[in-house]
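K.L.:
Chains as they are written, first to last, in my numbering: chain A, 28 to 523; chain B, 1339 to 1687.
#1: If you follow the alpha helix (DSSP H) that residue 1550/B is in, where does it begin and where does it stop?
#2: Buried or exposed for residue 1315/B, going by 16 or more other Cβ atoms inside 10 Å?
#3: For residue 1520/B, I'd like the list of residues in its chain whose CB is within less than 8 Å of its CB, leaving aside the five on either flank, ordered along the chain.
#4: Assuming contact is defined by CB atoms lying nearer than 8 Å, are residue 113/A and residue 511/A in contact in what I supplied?
#5: Are the beta-carbon atoms of residue 1537/B and residue 390/A separated by less than 8 Å?
#6: Ignoring anything shorter than 3 residues or poking outside the segment 286–362 of chain A, list the beta strand (DSSP E) runs there in chain order.
#7: Suppose the cutoff is 8 Å on Cβ atoms and the five residues either side in sequence are ignored; what does the same chain contact list for residue 228/A look like?
#8: For a minimum of 3 consecutive residues, which ranges assigned as the beta strand (DSSP E) are wholly contained in the segment 428–462 of chain A?
#9: Measuring alpha carbon to alpha carbon, tell me which residue in 83/A, 478/A, 64/A, 209/A is nearest residue 40/A.
#10: Going by Cα to Cα distance, which pick from 469/A, 325/A, 381/A is closest to residue 291/A?
#11: Would the segment 420–432 of chain A and the segment 372–387 of chain A be scored as touching if the rule is three or more Cβ pairs under 8 Å?
#12: Taking 8 Å as the threshold, find out whether the segment 1448–1467 of chain B comes into contact with the segment 1537–1555 of chain B through three or more Cβ pairs.
#13: Give the straight-line distance between the Cα atoms of residue 1507/B and residue 1516/B, rounded to the nearest whole angstrom.
#14: Using CA atoms only, rank isn't needed, just tell me which of 188/A, 464/A, 287/A, 101/A is closest to residue 355/A.
#15: Residues of chain B with CB under 9 Å from residue 217/A, in chain order?
#16: Considering only DSSP beta bridges, list what residue 37/A is partnered with.
#17: Considering only DSSP beta bridges, list what residue 96/A is partnered with.
#18: Hey, residue 1402/B and residue 1617/B are a contact pair by Cβ (cut 8 Å); roughly how many whole angstroms apart?
#19: Using a Cβ cut-off of 8 Å (strictly closer), state whether residue 361/A contacts chain B.
#20: Taking one C-beta from the segment 208–225 of chain A and one from the segment 122–135 of chain A each time, how about it: are there three or more such pairs within less than 8 Å?
#21: The beta strand (DSSP E) spanning residue 111/A covers which residue range?
#22: Examine chain C for any beta-carbon lying closer than 8 Å to the beta-carbon of residue 66/A, and answer yes or no.
#23: At a Cβ threshold of 8 Å, is residue 1552/B touching chain A?
#24: Decide if the segment 1628–1639 of chain B is in contact with the segment 1361–1372 of chain B; the criterion is three or more beta carbon pairs, one per stretch, under 8 Å apart.
#25: Beta-carbon within less than 7 Å of residue 117/A's beta-carbon, same chain only, minus the 5 sequence neighbours each way: which residues are those?
#26: Should residue 1416/B and residue 1472/B be called a contact, given that it needs their Cβ atoms to be closer than 8 Å?
#27: My parser needs the beta strand (DSSP E) runs of 3 or more residues fully inside the segment 175–204 of chain A; what are they?
#28: For residue 1549/B, return the contacting residues in chain A, with the cut-off set at a CB-CB distance below 7 Å.
#29: Cβ closer than 8 Å: which chain A residues qualify as neighbours of residue 1542/B?
#30: So which residues on chain B does residue 448/A lean against when the C-beta distance must stay under 9 Å?
#31: Just the C-alpha distance for residue 1476/B and residue 1442/B, rounded to the nearest angstrom, thanks.
#32: Helix, strand or coil for residue 1507/B per DSSP?
#33: Who are the near neighbours of residue 1325/B in its chain, counting only those whose CB is closer than 7 Å to its CB and skipping five residues on each side?
#34: Which whole runs of the alpha helix (DSSP H) in the segment 1458–1491 of chain B are 4 residues long or more, in chain order?
#35: Using only CA atoms, which one of 1554/B, 1566/B, 1582/B, 1633/B lies nearest to residue 1407/B?
#36: Are the Cβ atoms of residue 405/A and residue 340/A separated by less than 8 Å?
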C-alpha cells in the first residue's frame, strides 16, 4: 500500500439474507483528496458507508487504514482511528447549543467542573474556519440545514478525524448553503483531511471531486480522476444491467385518461403535471429525496396542495383527505408498509376490510362478513398464512405487501398509487406482485408507480416521469425509457 | 378446537386470575373464618354479590369510557376530578330548586360532553401528550369543584334518588341496584358497538397505527374527538349516579378514582400503547379490583391492607397478561429483553 493512501478496501464481500451487496469490492482513498461516489439507488453506497463506519462487518475482505490492516471496525473504533461519518439526516441535539453539541460525550473538565472557557474558545476557533457567522451559543435546532451540517463537520474536526464521509449532505440545502458547504469541504481537503462524498447531484460531483468512483450492483466499475471524466462517462458507468433480470410483462390495451394533475405544488413539490390512462403504468423515477413520495402524498390528499388541480375521469375534484381520495376510487400503497400500511398487531380479517369501510353506507361491520372478505383475498392473492386470524406482523414481507394490496382491492379502487411496490420483498414474491399489477391493468384500471428499482421501472412502466428537487426533470415515452435517460434526468445531466 | 380458541382468548388469563381469587377467598373464609361450615360462607351470597356490584358500578361506567380512550391510543387523568365537578354541580343545581331533575340531568350530560370535547380538541389537534393535557384539566376541575361547593358537602338527601338508589329485586336477596343495571347495559352496548360496527373497528385501527388509519380513510382527528365526547357522556352518567347514590355532592367524591379506573382497564388487558383491549376484560378488571376490600372485610383483615392487596393484584395481572400475550409462561422470559422473545416476523415458528 503506497503511503499516499489513507484508506484501502480490498476484496470486500458483503451479503444480507437473500441479497448480495458487495462482490469483491475494491476501493481506495488518498490523503487530502475529495473522492466522490456515484451509483443508482441500491447500488451499494449505503453499505459502503456502513462498513467504513463500523455499523456492518464485511463477510470477507480487508480494510487498511494508514497502511495498517484493520482487524474489525465497530462504530466506536472507526471513530477512534479517525473515520467520521456525517449522515444525511441531522444527527445533533436540537435543543442544545453549538458548544454543547460539539462536546457531548467528550466534555472538557477541570476536576469535576465543566471547563466552559476552553470549550467555547476551541469551538469559536473551529467555527471561524467553517461558518464564521455561527456563535457557539446558537441553539442547533434553530439553525438552517447548512449551518447544522457545519456543526457536525466541526464535531468531526474536534475529534481530529482523518477521513470524513459525507452522505448526501446537501439534501434540503439552498443554493448558497450548497456553495458554502462545497467551499468548506475543499478547505478541509487542502488541510490534509480525506473526504468521501456521496451525492446524487452530478454537477456537485464535478465541482469538487478529485477522483470519482462509480458503484453498480456492488461492484466498483469505475475509479478515475475527475479530470479524465465527464457526465456521460459517469452515467454510462452507472447503468448497464443484465437484461435477463428484467421482468417481461404482458402488454395491456391503453384506454382513456382516468387521472390527471395540473400544476400541483406544495409539500416540497413544485408545479407537477401528470396524467395516467386506463391500462397503463406511469412510472415515477428519481433519486431518493427527489420529492416522489411527497408528490404521491399530494395526489392522494394526505398532504394539502398549495396550488394546482386534480381531474378524475375528466372532472375536477377536490382531494382534501385520503378519505375523499378513497371515495374517488383511489388508493395508495405506501413505501413503508409497516408504518403506514398495516395494523401489525391486528389479524388479517381486521386489516383487509378497514379501508373499504370508508365506502359503505352502513355503520355496521360484521365480523363474519369481514372474515369472508379476508378469506376471499387470501385465496385470490394466494397469501400464505395459517389463517385469517393471524396477526400480520408474523407474515413475510411479500405476504404483508399482499395484505396491503388486499386492503385496497377490497375498496374496488380504480387508480392505484404504488410507492416502491416491491421494497424488501424476495424475488419470487416480486414477480407475484408484478402479476397482480398486470391484473389491475387488465381490469382497465390505472397505476402510478414510484420506484427506485431501475429494472422494475423500465420493465413495468408505459411512460416514466423523472423527478428532481421536487419538480419534473423530464418525461420519457415508452421508446425513450432507458436506464441512461432516466438516470440522466435524475442526477441533473442531459439526454444524449 | 373450541376449547383451544377459548384458551387463547385475550380475556382468558385475567378471567382465570379472577376465578382463582374467588376460590381462594371462599376457601379461606370457609376453613379459617367459618370453621369449616360451608353454610355460613358469606362471600358468594347474593346479598354480598349485590353489594360488591354496587360498589363497582360507578368505577365500571368510567372504565368503559377509559377503555375506548385507551384502545384508541389516548388516556384521560381528569375523570376523577371531573366526577367531583359534575357530581357537586348536580347537587348544587338541585339545591337551588329552580331546575327540575330532568333539566339538571340534561345540563350535566351536555356539560360533560362539552368538557371532554374541549380537551379532545386540544389533544386531537396538537401533538401534545394526552397525559399532560388531561393532568391540567384534572386540576382545573378540582378548582371548579371547590369554587362551586365552597369546600363543603352539598346534601341532596331525599331527592334525585332514581339513578343511584332505586333497584330491582330479582330475589329478596339478589337486588340489582340501578347503578349496576346502568353499568351492565352500557357494558353490553359498548361491547356490541366495538365488535359489530365500523366505529368499533376503527377505535382499534387508530390505536394501533394512526398513520395507516389516516391513509385508510379515517379522519383520525375528528375520530379522537368523538371518542372523548363519548367519554364525557359516560363521565356525566357516572357522576350523577354517584351523587344520587351518596345523596350528596362533595369535592372528594371522585378524587383518586382515575387511578382505580385506569387500573381496572389495564388489568382488563387494554394496552397502554393502544390498539388492543376489550370491554369484557375491563368488566373483569373492575370486578377483580372491586372485590378486594370486600374480601378483606369478610376475612376480618384490616381494611388498610386493601391498597397493598390491590397493588399486588394489579402487578400480578399485568405480568400474567404480558406472559400470555407472548405465549409463554416461563418467568425467565420476563427478564429477557423484549426483542429477544418476539417471534421472528420473517420466519414465524
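Cβ atoms here follow ideal geometry from the backbone N, Cα and C, with glycine treated the same way.
What you are looking at is a predicted structure, and each value in this text was computed from that prediction instead of being measured.
P.N.:
Based on what the coordinates show:
#1: Counted from its first residue, the second chain places residue 1550/B at position 212. Run containing residue 1550/B: 1548–1553, per the alpha helix (DSSP H) assignment.
#2: With chain B running from 1339 to 1687 in the structure shown, residue 1315/B is simply not present.
#3: In the second chain, residue 1520/B corresponds to position 182, counting from 1. The beta carbon of residue 1520/B sits closer than 8 Å to those of 1395, 1399, 1501, 1575, 1579, all from its chain and outside the five residues before and after it, given in chain order.
#4: Position 86 of the first chain, counted from the start, is the residue given in the question as residue 113/A. Position 484 of the first chain, counted from the start, is the residue given in the question as residue 511/A. Cβ atoms of residue 113/A and residue 511/A: not closer than 8 Å.
#5: Mapped onto the second chain, residue 1537/B falls at position 199. Mapped onto the first chain, residue 390/A falls at position 363. Closer than 8 Å, so yes.
#6: As far as the segment 286–362 of chain A is concerned, its whole beta strand (DSSP E) runs of at least 3 residues are 296–304, 308–312, 334–339, 342–344, 357–360.
#7: As a position in the first chain, residue 228/A is number 201, starting the count at 1. Excluding sequence positions up to five before and after residue 228/A, its CB lies within less than 8 Å of the CB of 197, 518, 519, all in the same chain and listed in chain order.
#8: Complete beta strand (DSSP E) runs here, min 3: 442–446.
#9: Translated into the one-based positions of the first chain, residue 40/A becomes position 13. Measuring C-alpha to C-alpha distances from residue 40/A to each of 83/A, 478/A, 64/A, 209/A identifies 83/A as the nearest.
#10: Here residue 291/A refers to the residue found at position 264 of the first chain. Each of 469/A, 325/A, 381/A was checked against the Cα of residue 291/A, and the nearest Cα belongs to 325/A.
#11: At 8 Å Cβ cutoff, the stretches touch.
#12: Touching, no, given that fewer than three Cβ pairs across the two stretches are closer than 8 Å.
#13: As a first step, residue 1507/B is located in the second chain; it is residue number 169 there, counting from the start. As a first step, residue 1516/B is located in the second chain; it is residue number 178 there, counting from the start. Roughly 11 Å separates the two Cα atoms.
#14: Translated into positions along the first chain, residue 355/A becomes position 328. Check the Cα spacing between residue 355/A and each of 188/A, 464/A, 287/A, 101/A: the tightest is with 287/A.
#15: Taking the first chain and counting its residues from 1, the one referred to as residue 217/A is at position 190. Going along chain B, no residue has its Cβ under 9 Å from residue 217/A, so there is no contact; the nearest lies around 45 Å.
#16: Taking the first residue of the first chain as position 1, residue 37/A is located at position 10. Its beta-bridge partners are 89/A.
#17: Walking along the first chain from the start, residue 96/A turns up at place 69. For residue 96/A, the pairing in a beta bridge is given by DSSP as 91/A.
#18: The sequence position of residue 1402/B within the second chain is 64, counting from 1. The sequence position of residue 1617/B within the second chain is 279, counting from 1. Indeed they touch by this definition, with Cβ atoms about 6 Å apart.
#19: Here residue 361/A is taken as the residue at index 334 of the first chain, counted from 1. Taking Cβ atoms only, chain B reaches closer than 8 Å to residue 361/A, which makes this a yes.
#20: The segment 208–225 of chain A, when compared against the segment 122–135 of chain A, does not touch it at the 8 Å Cβ threshold.
#21: For the purposes of this step, residue 111/A is taken as the residue at position 84 of the first chain. That run of the beta strand (DSSP E) goes 110–113.
#22: Note that chain C does not occur in the displayed structure, where the protein chains are A and B.
#23: As a position in the second chain, residue 1552/B is number 214, starting the count at 1. Judged by the 8 Å Cβ criterion, residue 1552/B is in contact with chain A.
#24: At 8 Å Cβ cutoff, the stretches touch.
#25: Sequence index remark: in the first chain, residue 117/A carries index 90 (1-based). The answer, listed in chain order, is 175.
#26: Counting from one through the second chain, the residue named residue 1416/B turns up at place 78. Counting from one through the second chain, the residue named residue 1472/B turns up at place 134. Between residue 1416/B and residue 1472/B, the CB-CB gap stays under 8 Å.
#27: Listed in chain order, the beta strand (DSSP E) runs fully inside the segment 175–204 of chain A are 190–194, counting runs of at least 3 residues.
#28: In the second chain, the residue the question calls residue 1549/B occupies position 211. Residue 1549/B reaches chain A at 366, 367, counting residues in chain order whose Cβ is nearer than 7 Å.
#29: In the second chain, counting from the first residue as 1, residue 1542/B sits at position 204. Chain A residues near residue 1542/B: 370, 373, 377.
#30: Counted from its first residue, the first chain places residue 448/A at position 421. Those within 9 Å of residue 448/A in chain B number zero; the least Cβ separation is about 16 Å.
#31: Locating residue 1476/B in the second chain gives position 138, where the first residue counts as 1. Locating residue 1442/B in the second chain gives position 104, where the first residue counts as 1. One C-alpha to the other measures close to 23 Å.
#32: Along the second chain, read from residue 1 onward, the residue named residue 1507/B stands at position 169. Residue state, collapsed to three classes: strand.
#33: Examination of residue 1325/B is not possible in this model, given that chain B is present from 1339 through 1687 alone.
#34: For the segment 1458–1491 of chain B, the full-length alpha helix (DSSP H) segments reaching 4 residues or more read 1468–1487 along the chain.
#35: Residue 1407/B sits at position 69 when you count from the first residue of the second chain. Distances from the CA of residue 1407/B to each of 1554/B, 1566/B, 1582/B, 1633/B were compared; the closest alpha carbon is that of 1566/B.
#36: For the purposes of this step, residue 405/A is taken as residue 378 along the first chain, with counting starting at 1. For the purposes of this step, residue 340/A is taken as residue 313 along the first chain, with counting starting at 1. Not closer than 8 Å, so no.
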